[in-house]
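These notes concern the structure reproduced below.
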Amino acid sequence: MSAGEVLLAGHGIRRVWGGLVALDNVSIEIRRGEVHALIGTNGAGKSTLVNILAGEIPPSAGTVELLGQDVGAWSQPRRARAGLARSYQRTTIFPEFTVLENCRLCAQAKHPRPWAIWSAAARCGTSLEAARRAAGRVGLGDELDRPAGLLSHGGRRQLEIGMCLATDPQVLLLDEPLAGMGAEETDRMLALIEELRPGHAILLVEHDMDAVFRIADRITVMVNGQVIASDLPDAIRDNREVQTAYLGEPA
Amino acid sequence: MAVSRSAVVLCLAALAGLLAWPAFASDFGVDLTTKILIYAILALSLELLVGQTGLVCFGQAAFFGIAAYATVRFSPEYDAAAIWWLLPSAVAASAVFALVMGALSLRTRGVYFIMVTLAFSQMAYYVIHDTPVGGGTDGIYLNVPPSVAVGSTQLLDLSDPLHFYYAALLALVTCFVMLAVALRSRFGRALAGIRVNEQRMRAAGFSTYPYQLAAFVLSGAIAGIAGFLFAIKDGFVNPELLSWHLSGAALVMIILGGLGHLRGAVIGAFALSLLEELFQSRELMGGFSDHWHLGLGASIIACVALLPRGLIGLPRMLRARLLGARQAGAP
Chain A
1 MSAGEVLLAG
11 HGIRRVWGGL
21 VALDNVSIEI
31 RRGEVHALIG
41 TNGAGKSTLV
51 NILAGEIPPS
61 AGTVELLGQD
71 VGAWSQPRRA
81 RAGLARSYQR
91 TTIFPEFTVL
101 ENCRLCAQAK
111 HPRPWAIWSA
121 AARCGTSLEA
131 ARRAAGRVGL
141 GDELDRPAGL
151 LSHGGRRQLE
161 IGMCLATDPQ
171 VLLLDEPLAG
181 MGAEETDRML
191 ALIEELRPGH
201 AILLVEHDMD
211 AVFRIADRIT
221 VMVNGQVIAS
231 DLPDAIRDNR
241 EVQTAYLGEP
251 A
Chain B
1 MAVSRSAVVL
11 CLAALAGLLA
21 WPAFASDFGV
31 DLTTKILIYA
41 ILALSLELLV
51 GQTGLVCFGQ
61 AAFFGIAAYA
71 TVRFSPEYDA
81 AAIWWLLPSA
91 VAASAVFALV
101 MGALSLRTRG
111 VYFIMVTLAF
121 SQMAYYVIHD
131 TPVGGGTDGI
141 YLNVPPSVAV
151 GSTQLLDLSD
161 PLHFYYAALL
171 ALVTCFVMLA
181 VALRSRFGRA
191 LAGIRVNEQR
201 MRAAGFSTYP
211 YQLAAFVLSG
221 AIAGIAGFLF
231 AIKDGFVNPE
241 LLSWHLSGAA
251 LVMIILGGLG
261 HLRGAVIGAF
271 ALSLLEELFQ
281 SRELMGGFSD
291 HWHLGLGASI
301 IACVALLPRG
311 LIGLPRMLRA
321 RLLGARQAGA
331 P
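The listed protein sequences correspond, in order, to chains A and B.
Per this note's numbering, the first sequence starts with residue 1, numbered consecutively.
Per this note's numbering, the second sequence starts with residue 1, numbered consecutively.
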């Protein structure tokens, strides 16, 4: 597994909702060992792109490649089992289950054994171990038995990432993981992403520009369903078109 | 999910009570309880779908009725069929119907799912009602109940009400324990995950459709066991066994008892049947028993309004009330 290898790629992706073109000819490549930030104004099509890459909605045109394979015809669960995990902009957890069970259930997807109805899930060693590891990694190791719905907002966002990690993914699509977080929580989350960077290919959709420029190795900018620039952070900062379209006219 | 010790004690106490019941009850009491045990199995099967998987099925009576009709149709006219093949084939009939119905209706969600399952069960109803398969409105008779024998030794005589009572109780306990075990397994936890958040389950890598379909077929099969027993109990089946009234009654049972708990389904089956019996009784209700639907309906509305968690939530609510009153009374 070499760093820099493209793990997830979308080519010429187009998505039309009725008469509205949400995405037009969008291409993106996400490499192992890289945090690839996706920024853009509200309604630019960032979440639609994430949904298409994850297999949640089909594109109207274009291809998606995961680990070198064309996965256009694969369902979302199949892509997930192959190593693609995503988090949601609006926290999507199991509020009535404990933190541990939230992670364990996600880990179970890799070795589901649904026919073994006599063996209790709570004794499934493999998924428990993966769940504990994932929860510990996102800093929830001391809250394992707490119902997830009782966690703080920041705690739930951490759990959301923990649930992704429990599936042992290679590609992470993180849809605004910093939304609504305080400064301290943001720092912790960025440190976690930093830590995950070496082994994973990470797509980070984010509004917090400071955070993006702190952590991203590469930035793609979208406006009105199109990619207007995709480059290294410094080049993006100096890009005229990006400045006018997104960051505003220079003072 | 962890099962509390008090719940286990409660279930065992209820089982002991049911085992001892025929010693105290009249013939009528045993007959009524047998019927309730069978309804409890039907309610359990629906609880698996509604309370555990989050699929509100409004066609449970179809599985019940199809197995009941299959039991009669698969039996020889003047001989006893062996239960060892009659039960599996009756259950298979409803499971196959559940497979077809589930495969198609699981493509919809929410209200549409409710309507599609209702439509399927109505189709089954009219096939039984209006074609020679079912023998018309008057129904058909089962002349000889199946034999329960190993070799030439007869284990149970199902035409004996007492034997049949214990057979129904055994079936209920078996279904209950099997479901309780299954719900703790990885399959059961996956169903719970699908109920709470299907989107997240798909994102984690679960193909949710096969899981839901498996739950649907399992539910149909268990409802089939109930239908099989019902056909033998009365030795008679009619199209009303497939009617939407029964599907609705099964839903009322699990809601009344408390959704999300297997024992809620059993409690609800008892509660609804006993309420119905109470309001129909001329001795207790006098002339009002002619309008028993009114009393039954009003009491169900009262239960649902006052007990949002169902009867199963009653102890906890009373405890909270009492403690709350004490706290309020304290200076």
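Here a beta-carbon is modelled for each residue, glycine too, at the ideal position from N, C-alpha and C.
Note that the structure is predicted; figures quoted are calculated from it, not measured.
Residue burial classification, residue i (beta-carbon count within 10 angstroms, cutoff 16)
i: B:Val-177; result: exposed
i: A:Met-1; result: Because the pLDDT at A:Met-1 is just 47, under 50, the model does not fix this residue reliably, and the value given afterwards should be weighed accordingly. It counts as exposed.
i: A:Gln-108; result: buried
i: B:Ile-66; result: buried
i: B:Ile-194; result: buried
i: B:Val-237; result: buried
i: B:Tyr-141; result: exposed
i: B:Asn-143; result: exposed
i: B:Ser-105; result: buried
i: A:Val-242; result: buried
i: B:Tyr-112; result: exposed
i: B:His-245; result: exposed
i: B:Pro-145; result: buried
CA-to-CA distance, residue j to residue i, given in whole angstroms
i: B:Val-8; j: B:Leu-256; result: 20 Å
i: A:Leu-172; j: A:Arg-14; result: 22 Å
i: A:Leu-100; j: B:Leu-284; result: 53 Å
i: A:Gly-199; j: A:Leu-84; result: 13 Å
i: A:His-264; j: B:Arg-5; result: Chain A is shown from 1 up to 251; residue 264 of chain A falls before or after that span and cannot be answered.
i: A:Gly-68; j: A:Met-163; result: 25 Å
i: B:Gly-54; j: A:Arg-237; result: 49 Å
i: B:Ala-204; j: A:His-111; result: 12 Å
i: B:Leu-241; j: B:Ala-98; result: 16 Å
i: B:Gln-154; j: B:Gly-313; result: 43 Å
i: A:Pro-114; j: B:Val-127; result: 35 Å
i: B:Asp-31; j: B:Asp-79; result: 24 Å
i: A:Ile-30; j: A:Leu-159; result: 24 Å
i: A:Leu-174; j: A:Arg-146; result: 24 Å
i: A:His-153; j: B:Leu-296; result: 46 Å
i: B:Ser-219; j: A:Phe-213; result: 54 Å
i: B:Phe-74; j: B:Val-96; result: 16 Å
i: B:Met-1; j: A:Ala-22; result: Note that B:Met-1 has pLDDT 45, beneath the 50 cutoff, so the model's placement of it is unreliable and no number is given.
i: B:Pro-331; j: B:Met-317; result: At B:Pro-331, the pLDDT of 43 sits below 50, so the modelled position is not reliable and the matter cannot be decided from this model.
i: B:Trp-21; j: A:Asp-142; result: 49 Å
i: B:Leu-10; j: A:Leu-196; result: 49 Å
i: B:Met-115; j: B:Asp-160; result: 40 Å
i: A:Ile-52; j: A:Pro-59; result: 6 Å
Residues bridged to residue i (per DSSP)
i: A:Trp-17; result: A:Leu-20
i: A:Arg-218; result: A:His-36
i: A:Ile-10; result: Looking at the sequence provided, one finds Gly at residue 10 of chain A rather than Ile. A:Gly-10 pairs with A:Ile-28 and A:Val-64.
i: A:Asp-276; result: Given that chain A is displayed from residue 1 to residue 251, the structure contains no residue 276 of chain A and the question cannot be resolved.
i: B:Ile-140; result: B:Val-237
Limits of the unbroken beta strand (DSSP E) element including residue i
i: A:Arg-90; result: Counting along the chain, A:Arg-90 falls outside any beta strand (DSSP E), and DSSP gives it neither H nor E.
i: A:Asp-231; result: 226-231
i: A:Val-205; result: 201-205
i: A:Leu-172; result: 171-175
Per-residue contacts from residue i into chain A (C-beta, under 8 Å)
i: B:Ser-207; result: Ser-75, Pro-77 and Arg-78
i: B:Val-196; result: Phe-94, Pro-95, Glu-96 and Phe-97
i: B:Ala-95; result: Chain A residues near B:Ala-95: none, gap ~16 Å exceeds 8 Å.
Per-residue contacts from residue i into chain B (C-beta, under 9 Å)
i: A:Ala-54; result: Ala-203
i: A:Gln-69; result: Simply none; closest approach about 16 Å.
i: A:Trp-118; result: Val-181, Ala-182 and Ser-185
Where residue i meets chain B, residues with beta-carbon distance less than 8 Å
i: A:Val-129; result: Reading the sequence as shown, one finds Glu at residue 129 of chain A and not Val. The contacting residues do not exist; A:Glu-129 stays about 15 Å from chain B at best.
i: A:Ile-202; result: Near A:Ile-202 there are no residues of chain B at all, since even the closest Cβ is about 16 Å away, more than 8 Å.
i: A:Ser-27; result: Chain B residues near A:Ser-27: none, gap ~24 Å exceeds 8 Å.
Continuous alpha helix (DSSP H) stretch holding residue i: start and end
i: B:Ser-94; result: 83-105
i: A:Gln-108; result: 99-108
i: B:Ile-254; result: 244-257
i: B:Ala-168; result: 161-184
Chain A residues whose Cβ lies nearer than 7 Å to that of residue i
i: B:Gln-199; result: Thr-92
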